[in-house]
Amino acid sequence: MTANLEINLGGLRMKNPVTVASGTFGYGQEYNEYFDISRLGAVTTKSLSLKPRAGNRPPRLVETPAGLLNSIGLQNVGLDEYLNIKVPFLRAKNVPIIANVYGHSPEEYAEMAMRIEEAQGADAIEVNLSCPNVHDAKTASGPTLVAQVPESVRDYTQAVKSATKLPVFIKLSPNVVDIREPALAAQEAGADAVSLINTLIGMAIDPETRRPRLTNVVGGLSGPAIRPVALKMVWDASKVLDIPIIGMGGICEPDDAIQFLLAGATAVAVGSMSFRQPDAALIIAEGIGAYLERHDITDVAELVGAMEL
Ligand code: DHB
3 MTANLEINLG
13 GLRMKNPVTV
23 ASGTFGYGQE
33 YNEYFDISRL
43 GAVTTKSLSL
53 KPRAGNRPPR
63 LVETPAGLLN
73 SIGLQNVGLD
83 EYLNIKVPFL
93 RAKNVPIIAN
103 VYGHSPEEYA
113 EMAMRIEEAQ
123 GADAIEVNLS
133 CPNVHDAKTA
143 SGPTLVAQVP
153 ESVRDYTQAV
163 KSATKLPVFI
173 KLSPNVVDIR
183 EPALAAQEAG
193 ADAVSLINTL
203 IGMAIDPETR
213 RPRLTNVVGG
223 LSGPAIRPVA
233 LKMVWDASKV
243 LDIPIIGMGG
253 ICEPDDAIQF
263 LLAGATAVAV
273 GSMSFRQPDA
283 ALIIAEGIGA
293 YLERHDITDV
303 AELVGAMEL
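All residue numbers for the sequence shown refer to our numbering, where the first residue is 3 and numbers rise by one.
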């Protein structure tokens, strides 16, 4: 008997609990040359802004011993090109689309969500309240992210929720003292799910030149280095939330994804690993199925929050 991998993620039906982390998968087209992306539970797009953005000046990627430090700065094609060029490809693939959006104000996020719904450009909206790379790090002590201020999380979530009937997922930042506060604020404002976690803010210096390795000095760390931190935050949040969690942060193989489900995530996203192995997300989806069968579990839902203490 094959186990049931289907899930309902805050109103979004997925054939398996695996998507990709925003910004690591473009808009899906390039990866479709490596595997059939319609086999994923959903495709999550690179953060979209109203207007196209070129992003920060390079270098904007640095490898660390177990992770990737990035300061891309929201390079993206902008909403019009997304709707006109990228969506038709994804719709032809018949894969659920989670559109990740970024804006400068609650109103701008609301406008984007409204336009995406109108154009049927996604099946869910992921609201990026946690990009670390849109401030000039040389002039500030560090970026202040919307996701670091629970009252702001509430305002932004409410704005998007009142603009669309699509499921709304709020992507939060690990750069906080207590993840439960922004997570609860998102839930109270009507979020349908939360995405945990975005990148951890970090930096690297070249001792020879004494210069930062990233032009924007600081960036966001992803990859296996952050997995234990992500897992702990998913666990913390799952204890206080009623809405589902999309767990992410350094998921490289099926066992990593299983850990996130056991900690309380309903779905998982594969990020940096897709750069090393383009079909990693598919291998992980298949591996979750194999795990369920190996353990005589009939439904993936039985794993969610099933860590034994
Ligand atoms: C970028 C990085 C992030 O971690 C994020 O959440 C959004 C955008 C970026 O630099 O493009």
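Note that beta-carbon positions come from the ideal geometry of N, C-alpha and C, so glycine has one too. Just so we're clear, the structure is a prediction, and the values are computed from it rather than from any experiment.
For T201, verify whether its CB is less than 6 Å away from any heavy atom of ligand 2. As for ligand 2, it is missing from this structure, which binds only ligand 1.
What I want to know is whether the C-beta of S40 ends up closer than 6 Å to one or more non-hydrogen atoms of ligand 1. No, the Cβ of S40 stays beyond 6 Å of every heavy atom of ligand 1.
Considering only their Cβ atoms, is the gap separating L11 from T268 smaller than 7 Å? Taking 7 Å as the cut-off, the Cβ atoms of T268 and L11 count as close.
Sequence-distant residues of the same chain with beta carbon closer than 7 Å to K17, five excluded per side: Non-local beta-carbon contacts of K17 in its own chain, meaning distances under 7 Å to residues more than five positions away in sequence, involve L7, E8, G43 in chain order.
I think T47 touches T21, with their Cβ atoms under 8 Å apart; what is that distance to the nearest whole Å? Their Cβ separation, rounded to whole angstroms, is 10 Å, which puts T47 and T21 out of contact at 8 Å.
Is P209 buried or exposed, if buried means 16 or more other CB atoms sit within 10 Å of its CB? So P209 counts as exposed.
Threshold first: 4 residues or longer. Then list the alpha helix (DSSP H) segments lying entirely within the segment 62 to 92, N to C. Taking only runs of at least 4 residues, the alpha helix (DSSP H) segments lying wholly in the segment 62 to 92 are 80 to 83.
Verify whether the separation of the beta carbon atoms of L76 and R55 is less than 7 Å. In this structure, the beta-carbon distance from L76 to R55 falls below 7 Å.
Supposed contact pair V129 and V103 - C-beta distance, whole angstroms, cut 8 Å: Right, their Cβ atoms sit about 6 Å apart.
Rounded Cβ spacing between V302 and L294 (contact assumed at less than 8 Å): Sure, about 6 Å apart at Cβ, within 8 Å.
Which residue spans inside the segment 201 to 227 form an unbroken beta strand (DSSP E) run of at least 3? Counting only runs of 3 or more residues that sit fully inside the segment 201 to 227, the beta strand (DSSP E) segments are 202 to 205, 220 to 224, in chain order.
Could you have a look at D238 and say whether DSSP puts it in helix, strand or coil? The three-state secondary structure of D238, taken from DSSP, is helix.
Taking 6 Å as the cut-off, is the CB of S49 close to at least one heavy atom of ligand 1? True, at least one ligand heavy atom lies under 6 Å from that Cβ.
Is the CB-CB distance between S240 and N200 below 7 Å? It is not a contact, given that the beta carbons lie outside the stated cut-off.
Are there any heavy atoms of ligand 1 lying less than 6 Å away from the beta-carbon of N135, as far as the coordinates show? Distances from the CB of N135 to the heavy atoms of ligand 1 include at least one below 6 Å.
Endpoints, alpha helix (DSSP H) assigned at R296: Run containing R296: 282 to 296, per the alpha helix (DSSP H) assignment.
What residue range is occupied by the uninterrupted alpha helix (DSSP H) comprising K163? That run of the alpha helix (DSSP H) goes 152 to 163.
Evaluate S224 with the Cβ neighbour count: other Cβ atoms within 10 Å of its Cβ, from every protein chain shown; 16 or more gives buried, anything less gives exposed. Result: buried.
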